[in-house]
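A.B. asks: Below is one structure. I have some questions about it.
Numbering (our numbering), first residue to last: 19 to 411.
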């Protein structure tokens, strides 16, 4: 149904901070023309859209679409025009319900930056069957949470299978280095999730479990990620990582959706590497006690770092796989911009274009980046978005 659409891609929320970065990236990377993807910018105000289009240097003929999350008719009209809707309008539990419903109804594919597992699980329960019928591919978490982690595990497991003929039943995700900030949207999403839990305590079970996004499947007990500890494989202290609760759920959902290529006994955790010795222990304990969203200077939704800060950011992630009989391999994922904005805006754009242009062999449903796009997305990210996926040993 989505093949004959007017646009390959509509960027919804293009006048917001992150949406503007996405539109700027697509404009500079692909432009507008006969050989370019057919894309448009969407938001609540035609005047603001035109202003942003000019500010980011997008071609004057870039199409503009007016749509508002509070106006279901406008969302229905917008989603019927595109193969893929890319939305940066969050928190999604406040502004995403009607858009997902419109995409499912119209057989339109969808990508977002969602790190709100309670809402994601509700959408899985609500729309999985209808999305399968309409052909809509709904893919959450297409930014720093959770593309580098989801695809990092996938590529490591490919290496394990190639080298040993079997996957690792235990994978460690380790943040070795990171420079940059979490987005204001991430902080707002966490606050809304806490409000949702207060209203519906049953969400606690979904939020607490690594299998909160795998309805009907509960795997083995997972490693404790909340307490600083020595990682013997790295000879270093490691500390809790704020994005682990969403990333681990997406990694396990990828395994679930692909019929358990990592095995039904798969274990996975994510932590931040500090250093060996007493100083490493102290740093790990400080990280464990810190509230990364408690700073009054933290960005609010719609705000973000300067261009220089985005350009100077980076991240270095290590994935270590081990089989039950002790065979190991490791793979590194690096990004060349700050994770929350610079790299995220490129990742979600390439994810949307991967679905719209490259296609895949899957049908409709609620997907993860790893399960839906896999190595096709890895290639796009390496070719265009400044990411690298490198086997280390």
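We put the beta carbon where it would ideally sit given N, CA and C, even for glycine.
Specify, as a first and last residue, the run of the beta strand (DSSP E) that residue 254 falls within.
C.D. replies: Working through the chain shown from its first residue, we reach residue 254 at position 236. Unbroken beta strand (DSSP E) run through residue 254: 254 to 258.
A.B. asks: Judging by CA-CA distance, which residue of 153, 274 and 237 is the nearest neighbour of residue 128?
C.D. replies: Position 110 of the chain shown holds residue 128. Closest by alpha carbon: 153.
A.B. asks: Counting C-beta neighbours from all protein chains within 10 Å, is the total for residue 192 16 or more, i.e. buried, or is it exposed?
C.D. replies: Position 174 of the chain shown, counting from 1, holds the residue named residue 192. Label assigned to residue 192: buried.
A.B. asks: Ignoring anything shorter than 4 residues, give me the alpha helix (DSSP H) runs that lie fully in the region 112 to 153, in order along the chain.
C.D. replies: Runs of the alpha helix (DSSP H) inside the region 112 to 153: 115 to 124 and 135 to 152.
A.B. asks: Using 10 angstroms around the beta-carbon of residue 287, count the other beta-carbons present and answer buried if the total reaches 16, otherwise exposed.
C.D. replies: Working through the chain shown from its first residue, we reach residue 287 at position 269. When all chains shown are included, residue 287 counts as buried.
A.B. asks: With three or more beta-carbon pairs closer than 8 Å as the criterion, would you say the region 327 to 347 touches the region 171 to 187?
C.D. replies: The region 327 to 347 is in contact with the region 171 to 187.
A.B. asks: Determine, using beta carbons only, whether residue 133 and residue 207 come nearer to each other than 7 Å.
C.D. replies: Mapped onto the chain shown, residue 133 falls at position 115. Mapped onto the chain shown, residue 207 falls at position 189. Yes, the pair counts as a contact, with Cβ atoms nearer than the cut-off.
A.B. asks: How would you call residue 181, buried or exposed, if buried means at least 16 neighbouring beta carbons within 10 angstroms?
C.D. replies: What you label residue 181 is simply residue 163 of the chain shown in a count that begins at 1. So residue 181 counts as exposed.
A.B. asks: Expressed to the nearest angstrom, what Euclidean distance is found between the alpha-carbon atoms of residue 242 and residue 62?
C.D. replies: Indexing the chain shown from 1 puts residue 242 at position 224. Indexing the chain shown from 1 puts residue 62 at position 44. Spanning the two alpha carbons is a distance of roughly 44 Å.
A.B. asks: Is residue 161 near residue 290, with beta carbons less than 7 Å apart?
C.D. replies: On the chain shown, residue 161 is found 143 positions in, with the first residue counted as 1. On the chain shown, residue 290 is found 272 positions in, with the first residue counted as 1. No; because the gap between Cβ atoms is not below 7 Å, this pair is not in contact.
A.B. asks: Among the candidates 385, 398, 393 and 281, whose CA atom is the shortest distance from the CA of residue 147?
C.D. replies: Your numbering for residue 147 matches position 129 in the chain shown. Of the listed residues, the one whose Cα sits closest to residue 147 is 385.
A.B. asks: Using the three-state DSSP reduction, which class does residue 25 fall into: helix, strand or coil?
C.D. replies: Position 7 of the chain shown, counted from the first residue, corresponds to residue 25. Here residue 25 sits in strand by DSSP.
A.B. asks: Cα separation between residue 255 and residue 249?
C.D. replies: One-based indexing of the chain shown puts residue 255 at position 237. One-based indexing of the chain shown puts residue 249 at position 231. Cα to Cα, the separation comes out at about 6 Å.
A.B. asks: Buried or exposed for residue 308, please, with buried defined as at least 16 other CB atoms from any protein chain shown within 10 angstroms of its CB.
C.D. replies: Indexing the chain shown from 1 puts residue 308 at position 290. So residue 308 counts as exposed.
A.B. asks: Taking the alpha carbon of residue 296 as the point to measure from, which residue in 91, 246 and 194 has its own alpha carbon closest?
C.D. replies: Translated into the one-based positions of the chain shown, residue 296 becomes position 278. Nearest option by C-alpha distance: 246.
A.B. asks: Under a three-way DSSP split, which group does residue 401 fall into?
C.D. replies: Residue numbering aside, residue 401 sits at position 383 when the chain shown is read from its first letter. If DSSP states are grouped into helix, strand and coil, residue 401 belongs with the helices.
A.B. asks: To the nearest angstrom, how far is the alpha carbon of residue 31 from that of residue 251?
C.D. replies: In the chain shown, counting from the first residue as 1, residue 31 sits at position 13. In the chain shown, counting from the first residue as 1, residue 251 sits at position 233. Computed Cα separation, rounded: 43 Å.
A.B. asks: Classify residue 222: buried if its beta carbon has 16 or more other beta carbons within 10 angstroms, exposed otherwise.
C.D. replies: Position 204 of the chain shown holds residue 222. Exposed, by the Cβ-count rule.
A.B. asks: Write down every uninterrupted run of the beta strand (DSSP E) in the region 184 to 232 whose length is 3 residues or greater and which is fully enclosed by it, in chain order.
C.D. replies: Qualifying beta strand (DSSP E) stretches, in chain order: 188 to 197.
A.B. asks: Identify, in the order they occur along the chain, each residue of the same chain with its Cβ nearer than 8 Å to the Cβ of residue 293, setting aside the five sequence neighbours on each side.
C.D. replies: Residue 293 sits at position 275 when you count from the first residue of the chain shown. So the qualifying residues of the chain are 254, 255 and 301.
A.B. asks: Whose C-beta lies closer than 7 Å to the C-beta of residue 235 among residues of the same chain, with five residues either side of it excluded?
C.D. replies: The residue labelled residue 235 in the question sits at position 217 within the chain shown. Result list for residue 235: 229 and 274, in chain order.
A.B. asks: How big is the Cα-Cα spacing for residue 205 and residue 362?
C.D. replies: Taking the first residue of the chain shown as position 1, residue 205 is located at position 187. Taking the first residue of the chain shown as position 1, residue 362 is located at position 344. So the two alpha carbons sit approximately 15 Å from each other.
A.B. asks: Along the chain, which unbroken stretches of the alpha helix (DSSP H) at least 4 residues long are found entirely within the region 325 to 393?
C.D. replies: Within the region 325 to 393, the complete alpha helix (DSSP H) runs of at least 4 residues are 325 to 330, 362 to 371 and 387 to 390.
A.B. asks: For residue 331 and residue 81, what's the separation of their Cα atoms in angstroms?
C.D. replies: On the chain shown, residue 331 is found 313 positions in, with the first residue counted as 1. On the chain shown, residue 81 is found 63 positions in, with the first residue counted as 1. In a straight line, the C-alpha of residue 331 is about 32 Å away from that of residue 81.
A.B. asks: Given residue 19, which residues of its chain have a CB within under 7 Å of its CB, disregarding the five upstream and five downstream residues?
C.D. replies: If you number the chain shown from 1, residue 19 lands on position 1. Model confidence at residue 19 stands at a pLDDT of 47, short of 50, so the residue's coordinates are unreliable; what they give is reported in the following sentence. Excluding positions up to five away in sequence, the list reads 125 and 153.
A.B. asks: Would DSSP call residue 249 helix, strand or coil?
C.D. replies: Translated into the one-based positions of the chain shown, residue 249 becomes position 231. In this structure, residue 249 counts as strand in the three-state DSSP scheme.
A.B. asks: Just tell me which of 156, 348, 355 and 358 has its CA closest to the CA of residue 370.
C.D. replies: Within the chain shown, numbered from 1, the residue matching residue 370 stands at position 352. If we check each option's Cα against that of residue 370, 156 comes out closest.
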